[in-house]
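Under my numbering, the first residue of the sequence shown is numbered 2, with each subsequent residue one higher.
Have a look at the structure below before the remarks.
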Amino acid sequence: MKGPRAGYGDVQPLRVLAALRSFASSRVLFFLFDVPFAPIFVIILYFIHPVPFFVTLVGAAVLLMIAVINQIATVRSGAQAAETTVGAMNAAQVFVRNFETIKALGMLSNVTENWGGRCAESLRATDRLARTNSFYSGLSRILRMVLQMSILGIGAYLVIQGEMTAGMIFASSIISGRALQPLDQIIGAWRQIVESYGACRRLKTIAREARHAGHEGIVLPSPDGSLAVEQLVYSLPDSDAGAPPLIKRVSFALEPGQSLALIGPSRAGKSTLARLFVGAIEPRSGVVRIDGSDLRNWNSDALGKHIGYLSQEVELFPGTIAENIARFDPDADDAAIIEAARRAHAHELILGQKKGYATDIGPGGTRLSGGERQRIGLARAFYGDSKLLVLDEPNSNLDAGGEAALEKALAEAKARGATVIMITHKIAIAARCDRMLLLQDGQVELFGTSQDVIQRLSQGIQRIQPANTAQPAPQAKTGDGPTRPTASFAKEARVEASGSPIRRL
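Here it is as structure tokens:
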């Protein structure tokens, strides 16, 4: 959950853990326990006769050399096989999850062929690894058998010379076999050993990253809901060093009980900023403070009980509707669940389901519409004592009745003293908030009271050239510096400022 690729739904660490567990329960681990005894058998051979001792010693050195060559020959193909296999599995998961879209767009054959190409590449890499490992495994086994036969021949010669007895021949053969067998077995299982060693290293890395990312701090008192953002900068973890950040020095503050409408064009960074507010991602620099304390100093589980968050793409998890609303709290109170649903005005909607609050959703359960998921997700955000509500386009899948219920729910949340931040593309809804922030290209263009921002936007459209002119639109100027409000926001703002109703098509 705390890994760098968690946002992509990557569960590869679980597969790594399963591979390590499989190795720990296999016979290969017992082969490793035999290795420390191999030198003891070689030393015993010296007391029988020096010649079998040196022959076995040379054979062991050759087997170790084969193991090293095997490692060098398979390290690249092993990494490629693991990478391509993970890529094929991740692609299959994405394709299956979006099967309806694939079927509707006639993409089934195309995505099957695409996955087949990925899978074939994975199989080719795995086959190269298996062939290389089998070659060196067979070579070590042949060498071990040749060494045992050589010891029998050398022993027979020494018996003829009177330096050994007949019993020593068989003793030398058995003891040399016991000395060389662990090395032979390890080379045969070298692929599994290397994969398990790599899995162990990856798990250590994951654990180390989780410890760094899992600084939980102490449990602070329940927050009042004040939010302060200071010089916030965020870049994608895998972005180039010279790439511009997505969020550029954003600063503002909200008092408990205030509401903020976060507006702006697509790709302005609104959803990223919302994720920073709730601590879902960490900024590159700057601070998000709740009740004056850096968000990173809060205990995440303790703070999460006082935060209501609705992401742009609402995801409900496998379980019942009640479990999703209660955030899978095993000690959740039924009354609190129903109260959260009532706050989101989703109680009647849930009762209309086949099993009400006990309706299973997710794989094998009831499938909900986008509007139903959004209302239940809103109830999850309202669950408990939410002092900070961050809602990312909560009305994107709602009808007129749903929007009216949402407005009423937000008004009730404000009346309870909750701080509300809402991302929306509708100026008519944003105008009902206390404050408004226009985000453009990751930076604040306008911030102030809603009426003040709407007035500035309505004035800004007068400076924007009509769409049929060839000249570029000049920048609108405000008291806070240059702004570049989009025409759609400015047009809506002018209508809102004039008091006439807004129609969105």
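We put the CB at the ideal spot given by N, CA and C, even for glycine.
The structure displayed is predicted, hence computed values, not measured ones.
Taking the Cβ atom as the reference point for each residue, do residue i and residue j lie within a distance shorter than 9 Å?
i	j	result
Leu221	Trp116	no
Gln162	Phe24	no
Ile377	Leu399	no
Tyr137	Ile67	yes
Ala406	Ala347	yes
Thr133	Ala93	no
Arg129	Ser78	yes
Asp393	Ile428	no
Ala254	Leu277	no
Ile188	Leu64	yes
Arg16	Val87	yes
Glu231	Val279	no
Ser451	Arg433	yes
Gly363	Pro319	yes
Met165	Ser173	yes
Leu379	Ala412	no
Ser1	Leu352	Outside the displayed range of the chain (2 to 506) lies residue 1, so it cannot be described from this structure.
Ser197	Ala342	no
Gln149	Gly178	yes
Leu18	Ala200	yes
Ala275	Ser301	no
Tyr310	Val391	yes
In the DSSP output, which residue or residues are listed as bridge partners for residue i?
i	result
Gln441	Gln444
Leu311	Leu392
Ala229	Ala254, Arg290
Asp435	Beta-bridge pairing links Asp435 to no other residue.
Thr273	According to DSSP, which records beta bridges pairwise, Thr273 is partnered with nothing at all.
Gly449	Met437
Pro321	Residue identity differs from the one stated: residue 321 is Thr in this sequence, not Pro. Note: Thr321 sits in a beta bridge opposite Asp361.
Just curious, the alpha helix (DSSP H) that residue i is in, first and last residue?
i	result
Ser236	Taken as a continuous stretch (DSSP letters only), Ser236 belongs to no alpha helix (DSSP H), as it is neither H nor E.
Ser260	Here Ser260 belongs to no alpha helix (DSSP H); instead the beta strand (DSSP E) covers 260-264.
Ile143	109-161
Thr367	Taken as a continuous stretch (DSSP letters only), Thr367 belongs to no alpha helix (DSSP H), as it is neither H nor E.
Arg22	13-25
Ser173	167-189
Val29	29-35
Gly402	401-416
Ile282	Segment: none, Ile282 is in no alpha helix (DSSP H) and carries neither H nor E.
Asp335	335-344
Glu349	348-352
In the DSSP assignment, find the unbroken beta strand (DSSP E) run with residue i in it and report its ends.
i	result
Met66	Note, Met66: premise wrong, no beta strand (DSSP E); alpha helix (DSSP H) at 51-98.
Arg250	248-255
Ile1	Beyond the ends of the chain as shown, which are 2 and 506, falls residue 1; an answer cannot be given.
Am I right that residue i and residue j are in contact with their C-beta atoms under 8 Å? What's the rounded C-beta distance?
i	j	result
Phe42	Ile176	5 Å
Ile308	Leu389	5 Å
Arg436	Gly449	7 Å
Val52	Ile155	6 Å
Ala126	Gln81	5 Å
Tyr235	Pro284	5 Å
Ala1	Val29	No statement about residue 1 is possible, as the shown extent of the chain runs from 2 to 506 and does not include it.
Pro266	Gly226	Not a contact, Cβ separation roughly 29 Å.
Check your understanding: Using 8 Å as the threshold, is the segment 117-129 in touch with the segment 44-53, meaning 3 or more CB pairs across them?
Key -> no
Exercise for review: Decide yes or no for the touch test of the segment 35-45 against the segment 181-195: beta carbon pairs closer than 8 Å, at least 3 of them.
Suggested key: yes
Review point. Counting Cβ pairs closer than 8 Å, one from the segment 241-253 and one from the segment 434-448, do we hit at least three?
Key: yes
Practice item. Please determine if the segment 283-303 and the segment 354-374 are in contact, where contact requires at least 3 C-beta pairs separated by less than 8 Å. Key: Contact fails: fewer than three Cβ-Cβ distances are below 8 Å.
Check your understanding: Can at least three beta-carbon pairs, one atom from the segment 202-211 and one from the segment 56-76, be found at a separation below 8 Å?
Key -> no
Review point. Would you call the segment 92-109 and the segment 53-60 touching, i.e. three or more CB-CB distances under 8 Å?
Key: no
Practice item. Count the C-beta pairs between the segment 331-342 and the segment 377-392 that are closer than 8 Å, then say yes if the count reaches three, no if not. Key: yes
Check your understanding: Below 8 Å, can you find three or more Cβ-Cβ pairs linking the segment 409-425 to the segment 260-273?
Key -> yes
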